[in-house]
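**Student:** Residue numbers (mature numbering (1 follows the signal peptide of the UniProt record, and there is no 0)): -20 to -1, 1 to 376.
Virtual Cβ for every residue (Gly too), placed ideally from N, Cα, C.
Bear in mind that the values here come from a model prediction, so they are computed numbers and not experimental data.
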Amino acid sequence: MPSLISALTTGLLLASGIHAVPQGPFGAESGIVSAVPTASASTAGVAAAQPTTASASSSNAASDISACNNSPLLCDRAYNNVTYMGAHDSSFLRDASTGNSLAGNQYFNATVALDAGIRLLQGQVHDANGTLHLCHTSCTLLDAGPLEDWLAKVKFWMDNNPNEVVTILLVNSDNKLVSDYAAVFEGSGISIYGYQPSDGSTASTTWPTLGNMITSNKRLVTFIASIDYSPTYPYLLNEFDHVFETPYNVLSLSGFNCTLDRPSGQGSAGNAISAGMMPLMNHFADSLIMQGVQIPDETDIDITNSADTTTTGNLGLHADTCVKQWGTKPVFILVDFFDHGPAIDTADRLNGITATGRKSVSGEGKKSTSGAGENHSPMGINVALVAFVGFALAMV
Ligand SMILES: *[C@@H]1O[C@H](CO)[C@@H](O)[C@H](O)[C@H]1NC(C)=O
Ligand SMILES: *[C@@H]1O[C@H](CO)[C@@H](O)[C@H](O)[C@H]1NC(C)=O
Ligand SMILES: *[C@@H]1O[C@H](CO)[C@@H](O)[C@H](O)[C@H]1NC(C)=O
Ligand SMILES: *[C@@H]1O[C@H](CO)[C@@H](O)[C@H](O)[C@H]1NC(C)=O
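1) Tell me residue 216's beta-bridge partners as DSSP assigns them.
2) Return helix, strand or coil for residue 224, following the three-state DSSP convention.
3) Relative to the C-alpha of residue 51, which residue among 339, 341, 333 is closest?
4) Would residue 285 pass as an interface residue toward chain D - the criterion being a Cβ-Cβ separation below 8 Å?
5) In the DSSP assignment, find the alpha helix (DSSP H) that holds residue 192 and state where it starts and stops.
6) Can you give me the C-alpha to C-alpha distance between residue 253 and residue 245, rounded to a whole angstrom?
7) Roughly how many angstroms lie between the CA atoms of residue 63 and residue 315, to the nearest whole one?
8) Out of curiosity, what's the CA-to-CA distance linking residue 207 and residue 152?
9) Here's the rule I'm using: 16 or more other beta-carbon atoms within 10 Å means buried, otherwise exposed. How should residue 76 be labelled?
10) Measuring from the CB of residue 89, is there a heavy atom of ligand 2 at a distance below 7 Å?
11) Taking C-beta to C-beta, are residue 189 and residue 55 nearer than 8 Å?
12) Given that a residue counts as buried once 16 or more other Cβ atoms are within 10 Å of its Cβ, and exposed if not, what is residue 231?
13) Can you tell me which of 265, 179, 167 puts its alpha carbon nearest to the alpha carbon of residue 236?
14) Taking a cut-off of 5 Å, which residues have a beta-carbon closer than that to any heavy atom of ligand 4, in chain order?
15) Look at residue 113 and residue 125 and say whether their C-beta atoms are less than 8 Å apart.
16) Counting only runs that start and end within the segment 84 to 169, where is the alpha helix (DSSP H) found for 4 or more residues in a row?
17) Are residue 215 and residue 175 close, meaning C-beta to C-beta below 8 Å?
18) Just the residues with CB closer than 6 Å to a heavy atom of ligand 1, in chain order, which are they?
19) Going by DSSP in three states, residue 51 sits in which element: helix, strand or coil?
20) With a threshold of 7 Å (Cβ to nearest heavy atom), would residue 83 be considered close to ligand 3?
21) Which one or two residues does DSSP pair with residue 240 in a beta bridge?
22) For residue 224 and residue 260, what's the separation of their Cα atoms in angstroms?
23) Pull up the DSSP beta-bridge partners for residue 266, would you.
24) If you draw a straight line from the alpha carbon of residue 146 to that of residue 170, how long is it in whole angstroms?
25) Less than 8 Å between C-beta atoms, sequence neighbours within five positions excluded: which residues of the same chain meet that for residue 159?
26) Measure the beta-carbon distance from residue 122 to residue 81 and round it to whole angstroms, keeping in mind my assumption that it falls under 8 Å.
27) Can you check DSSP and say which residues form a bridge with residue 65?
28) Cutting at 8 Å between CB atoms, please list the residues of its own chain near residue 96, excluding the five before and the five after it.
29) For residue 260, write down the residues that DSSP places opposite it in a beta bridge.
30) List in chain order the residues whose CB is within less than 6 Å of at least one heavy atom of ligand 3.
31) Do you know how far the Cα of residue 306 is from the Cα of residue 289?
32) Looking at residue 92 and ligand 2, is the gap between the Cβ and the nearest heavy atom below 7 Å?
33) When the distance is taken between beta carbons, is residue 312 closer than 8 Å to residue 103?
34) Please report how far the alpha carbon of residue 299 lies from the alpha carbon of residue 326, in whole angstroms.
35) Would you mind reading off the limits of the alpha helix (DSSP H) that contains residue 327?
36) Can you determine whether any heavy atom of ligand 2 sits closer than 7 Å to the C-beta of residue 135, and answer yes or no?
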């Protein structure tokens, strides 16, 4: 297909000439350049929020706690003694709504993820002309709509699932103020569920049990990387006061390890654990498709997300390696394409539970049998590359 080849070539030349990957503290997070016709992505992304429920059910507290986060065994477990499986870039979809965007990290949205047992939702937030939007790398590339609309949908799910503790982790790409985040958390209504530690500015080893959080209906924990913690908004926590992460810029299945990457000031994972910080294990790989252009690695996803402990790159193996090195479990794990594996199996094993009350994802995501390339119609790739070239030109 000549036009595809020419688009590829143009993309390659532009990419190598202009350093399409922004470098910064969130290099990989912001560096996954894609490729989406902006209009269709944002149209899909800003689809009307779920109707919010009446205020009575908004403050719905669990009346009968027979299970917490899908198991009775977790009710008496402290928040920081549970492993939460998380969807990395949970709002950036590779599905029909984005024309199977190469930038998409998930096949299913956050509501489907929560139904399937995912309890950590990660996303990247940008300033779109004064409004906080969930955008991947740039709002020109993949705009999943206003943060407030997305939060309202997560709140809607929490209203209807009162026995569940959820964690949100946001990357503050444009260094907005904590008060800007508070405005959308309050506007969406989800702030009513915000858990407030007694001292939110310092890591703590004493977290409440999931049962306590559910009974008090303060069952949303929010981390933002990075904000200045303010006691005025005590439910918005600065991620790196409480959490440390393993590296995320992984381009090969042998690249996963358990070394502390951020916050670098802690020096080592051991130091961070001693300081009471909770470990976050990044477990997603990218593919370098041309110089400076990384996209989520779909080809190897069934190895990457497998609960097995036998093959380099397996989620189960990475988790066991970290448990051994740290002497404690990862509290948070982030994966791409969470339905593959399924990734949740590894969290269940670390938690020692057999889960109940989940909805299985209907039909696995795109890559069930085919290779990555086959998931995108040639037309789709072509459109995507043209969009990418457009983006590259805009950056010159
Ligand atoms: C974490 O939970 C496990 C399983 O209930 C328990 O054996 C262990 O003592 C707990 N750890 C801490 C630090 O409370
Ligand atoms: C996910 O998609 C379903 C079906 O379209 C929709 O009802 C739900 O609100 C969406 N959730 C999010 C977080 O976008
Ligand atoms: C900001 O506004 C300009 C001018 O109206 C528009 O072209 C641009 O797409 C907007 N940016 C975002 C991120 O919405
Ligand atoms: C873990 O991976 C990071 C990033 O690739 C690397 O800098 C670090 O040296 C690795 N740690 C070990 C112990 O190999």
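**Tutor:** For this structure:
1) As a working note, residue 216 is residue 236 in the sequence shown. Its beta-bridge partners are 202.
2) As a first step, residue 224 is located in the sequence shown; it is residue number 244 there, counting from the start. Of the three classes helix, strand and coil, the one that applies to residue 224 here is strand, per DSSP.
3) Here residue 51 refers to the residue found at position 71 when the sequence shown is read from its first residue. For residue 51, the nearest C-alpha among the options comes from 333.
4) Although the question refers to chain D, the structure presented lacks it and comprises just one protein chain.
5) Against the sequence shown, residue 192 aligns to sequence position 212. Its alpha helix (DSSP H) spans residues 190 to 195.
6) Translated into the one-based positions of the sequence shown, residue 253 becomes position 273. Translated into the one-based positions of the sequence shown, residue 245 becomes position 265. Rounded to the nearest angstrom, the two C-alpha atoms are 13 Å apart.
7) On the sequence shown, position 83 is the one that residue 63 refers to. On the sequence shown, position 335 is the one that residue 315 refers to. Taking the straight line from one Cα to the other gives about 13 Å.
8) Residue 207 sits at position 227 when you count from the first residue of the sequence shown. Residue 152 sits at position 172 when you count from the first residue of the sequence shown. Spanning the two alpha carbons is a distance of roughly 7 Å.
9) For the purposes of this step, residue 76 is identified with residue 96 of the sequence shown, where counting begins at 1. Exposed.
10) For the purposes of this step, residue 89 is identified with residue 109 of the sequence shown, where counting begins at 1. Under cutoff, so the answer is yes.
11) The residue labelled residue 189 in the question sits at position 209 within the sequence shown. The residue labelled residue 55 in the question sits at position 75 within the sequence shown. Cβ atoms of residue 189 and residue 55: closer than 8 Å.
12) Residue numbering aside, residue 231 sits at position 251 when the sequence shown is read from its first letter. It counts as exposed.
13) As a first step, residue 236 must be located in the sequence shown, where it is residue number 256. For residue 236, the nearest C-alpha among the options comes from 265.
14) 227, 237, 239
15) Sequence index remark: in the sequence shown, residue 113 carries index 133 (1-based). Sequence index remark: in the sequence shown, residue 125 carries index 145 (1-based). Result yes, Cβ atoms of residue 113 and residue 125 sit closer than 8 Å.
16) 90 to 95, 127 to 140, 158 to 168
17) Here residue 215 corresponds to residue number 235 of the sequence shown, with the count starting at 1. Here residue 175 corresponds to residue number 195 of the sequence shown, with the count starting at 1. Contact: yes.
18) 57, 58, 61
19) Translated into the one-based positions of the sequence shown, residue 51 becomes position 71. It is a strand residue.
20) Sequence index remark: in the sequence shown, residue 83 carries index 103 (1-based). Flag unset: Cβ of residue 83 not near ligand 3.
21) Looking up residue 240 in the sequence shown gives position 260. According to DSSP, which records beta bridges pairwise, residue 240 is partnered with nothing at all.
22) Looking up residue 224 in the sequence shown gives position 244. Looking up residue 260 in the sequence shown gives position 280. Distance between the alpha carbons of residue 224 and residue 260 is about 6 Å.
23) In the sequence shown, the residue the question calls residue 266 occupies position 286. Bridge partners of residue 266: 276.
24) Taking the sequence shown and counting its residues from 1, the one referred to as residue 146 is at position 166. Taking the sequence shown and counting its residues from 1, the one referred to as residue 170 is at position 190. Going from the Cα of residue 146 to the Cα of residue 170 covers about 11 Å.
25) In the sequence shown, residue 159 corresponds to position 179, counting from 1. Cβ within range, chain order: 210, 212, 213.
26) Mapped onto the sequence shown, residue 122 falls at position 142. Mapped onto the sequence shown, residue 81 falls at position 101. Confirmed, about 6 Å.
27) For the purposes of this step, residue 65 is identified with residue 85 of the sequence shown, where counting begins at 1. Residue 65 is bridged to 313.
28) As a working note, residue 96 is residue 116 in the sequence shown. These residues qualify, in order along the chain: 88, 318, 319, 322, 324, 338, 339, 340, 341.
29) Position 280 of the sequence shown, counting from 1, holds the residue named residue 260. 225, 312, per the DSSP bridge assignment.
30) 108, 109, 119
31) Along the sequence shown, one-based indexing puts residue 289 at 309. Along the sequence shown, one-based indexing puts residue 306 at 326. Distance between the alpha carbons of residue 289 and residue 306: 17 Å.
32) Here residue 92 corresponds to residue number 112 of the sequence shown, with the count starting at 1. True, at least one ligand heavy atom lies under 7 Å from that Cβ.
33) As a working note, residue 103 is residue 123 in the sequence shown. As a working note, residue 312 is residue 332 in the sequence shown. No; because the gap between Cβ atoms is not below 8 Å, this pair is not in contact.
34) The count along the sequence shown starts at 1 and reaches residue 299 at position 319. The count along the sequence shown starts at 1 and reaches residue 326 at position 346. The alpha-carbon atoms of residue 299 and residue 326 are separated by roughly 8 Å.
35) Here residue 327 is taken as the residue at index 347 of the sequence shown, counted from 1. Note, residue 327: alpha helix (DSSP H), 324 to 331.
36) Within the sequence shown, the letter at position 155 stands for residue 135. No; taking the cut-off as 7 Å, the Cβ of residue 135 has no heavy atom of ligand 2 nearer than that.
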